[in-house]
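K.L.:
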Amino acid sequence: MFHNIMEVLRVMLTVVVVTRAGTVIGQIMATDQDGARNLTFDTADNDTATLIRIVNVRKSGKQITADLALKTLVDRDFAPSNRHIHISVTDGQYKAISRYVLVITDMNDNAPMFTQHEYKVTVLHSLPMHSVVLIVIATDPDATFGGRVSYSIQTDDLFAYQAFRVNQYTGMITLHSPLLTHRHTLLHFNVIATDGGGLSSSAKVIIHVQ
Ligand SMILES: [Ca+2]
Ligand SMILES: [Ca+2]
């Protein structure tokens, strides 16, 4: 004869915060005063079944224990950072369901990416000072500091370095010294996007002065 298993089951997840991983994220345990012989765990909904595999099931006396492993890599950048996990346990007659929230923390695992590898723009040699020449944009899907992008200019060409400024927050490139003496020339520089964790990428800027 069974006790009412709904009242005697105890289930717990020992680890609820994970970073990107494909590994065991926690342990689940249930007890039954009738003994653990007939107890089985299962994923209780489709979302959990997609995310979690129940492994390493062991029984001892009145207790059943198993590990919860991620079936796939989880990445906060391209999916919700909180996932709801529902695990059921049954003795064949009664069933109990335990609910958890899996919190996926972020890693700064992406460098900022420019919308273009190369930007080409033509400007008049008489372009007034402080005019906007170009706006570059780089995106970064990471959270907090890892997703904060700042811009800078890198070049060996001293004239180009002095002639242009990039707003570190907006990517807006403006003219900072006159181009009058550089008519019919091409000016080159790289614009660098760096995130708050130090990951960076670059894009080439080519300015044709007319
Ligand atoms: Ca990330
Ligand atoms: Ca990043």
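Per my numbering, numbering through the sequence shown is continuous, rising by one, with the last residue being 1119.
The beta-carbon is built from N, C-alpha and C at its ideal position, and this holds for glycine as well.
Quick one: residues in its chain with C-beta nearer than 7 Å to the C-beta of Gly1001, no 5 flanking neighbours on either side, listed in chain order?
P.N.:
Your numbering for residue 1001 matches position 92 in the sequence shown. Same-chain partners within the cutoff: Asn947.
K.L.:
By a C-beta neighbour count over all protein chains shown, 10 Å radius and 16 as the cutoff for buried, is Phe950 buried or exposed?
P.N.:
Reading the sequence shown from its first residue, position 41 is the one you call residue 950. Buried is the call here.
K.L.:
Alpha carbon to alpha carbon, what distance is there between Leu979 and Tyr1003?
P.N.:
Counting from 1 along the sequence shown, the entry for residue 1003 is found at position 94. Counting from 1 along the sequence shown, the entry for residue 979 is found at position 70. C-alpha separation (whole angstroms): 27 Å.
K.L.:
Is Asn991 a contact residue of ligand 1, with contact defined as CB to any heavy atom under 7 Å?
P.N.:
Taking the first residue of the sequence shown as 1, we reach residue 991 at position 82. Every heavy atom of ligand 1 is 7 Å or more from the Cβ of Asn991, so no.
K.L.:
Looking at Gly944 and Asn1017, is the spacing between their C-beta atoms short of 8 Å?
P.N.:
Counted from its first residue, the sequence shown places residue 1017 at position 108. Counted from its first residue, the sequence shown places residue 944 at position 35. Going by C-beta atoms, Asn1017 is not nearer than 8 Å to Gly944.
K.L.:
Tell me the residue span of the alpha helix (DSSP H) that contains Thr959.
P.N.:
To locate residue 959, count along the sequence shown from 1; it is residue 50. Segment 955-960, the alpha helix (DSSP H) holding Thr959.
K.L.:
Rounding to the nearest angstrom, what Cα-Cα distance links Met921 and Thr959 in this structure?
P.N.:
For the purposes of this step, residue 921 is identified with residue 12 of the sequence shown, where counting begins at 1. For the purposes of this step, residue 959 is identified with residue 50 of the sequence shown, where counting begins at 1. Low per-residue confidence applies at Met921: pLDDT is 45, beneath 50, and the placement is therefore not dependable enough to give any value.
K.L.:
By Cβ distance, which residues of its chain are closer than 6 Å to Leu1108, with the 5 residues on each side in sequence left out?
P.N.:
If you number the sequence shown from 1, residue 1108 lands on position 199. Here the set comprises Ala1020.
K.L.:
Nearest to Pro1037 by alpha carbon, out of Leu1088, Tyr1060, Leu1043, Ala1069?
P.N.:
The residue given as residue 1037 occupies position 128 in the sequence shown. Among Leu1088, Tyr1060, Leu1043, Ala1069, the Cα nearest to that of Pro1037 is on Leu1088.
K.L.:
Is Asp941 a contact residue of ligand 1, with contact defined as CB to any heavy atom under 7 Å?
P.N.:
As a working mapping, residue 941 is identified with position 32 in the sequence shown. The answer is no for Asp941.
K.L.:
Could you check if Thr952 is buried or exposed, using at least 16 other CB atoms within 10 Å of its CB as the buried criterion?
P.N.:
As a first step, residue 952 is located in the sequence shown; it is residue number 43 there, counting from the start. Burial call: buried.
K.L.:
Round the Cβ separation of Leu971 and Thr940 to the nearest angstrom and send it over; I've been treating them as touching at under 8 Å.
P.N.:
As a position in the sequence shown, residue 971 is number 62, starting the count at 1. As a position in the sequence shown, residue 940 is number 31, starting the count at 1. Looking at the sequence itself, residue 971 is Lys, so the reference to Leu does not match. Sure, about 5 Å apart at Cβ, within 8 Å.
K.L.:
Curious, which full-length beta strand (DSSP E) runs of at least 3 residues does the segment 987-1066 contain?
P.N.:
Correct list: 991-999, 1004-1013, 1027-1032, 1041-1044, 1058-1063.
K.L.:
Return helix, strand or coil for Leu985, following the three-state DSSP convention.
P.N.:
Against the sequence shown, residue 985 aligns to sequence position 76. The residue you asked about is not Leu; residue 985 is Arg in the sequence shown. If DSSP states are grouped into helix, strand and coil, Arg985 belongs with the helices.
K.L.:
Apply the 10 Å Cβ neighbour rule to Asp956 and answer buried if 16 or more other Cβ atoms are within range, or exposed otherwise.
P.N.:
The sequence position of residue 956 within the sequence shown is 47, counting from 1. With fewer than 16 Cβ atoms within 10 Å of its Cβ, Asp956 is classed as exposed.
K.L.:
Check whether the Cβ of Gly1107 lies closer than 7 Å to any heavy atom of ligand 1, and answer yes or no.
P.N.:
Taking the first residue of the sequence shown as 1, we reach residue 1107 at position 198. No, Cβ of Gly1107 sits at least 7 Å from all heavy atoms of ligand 1.
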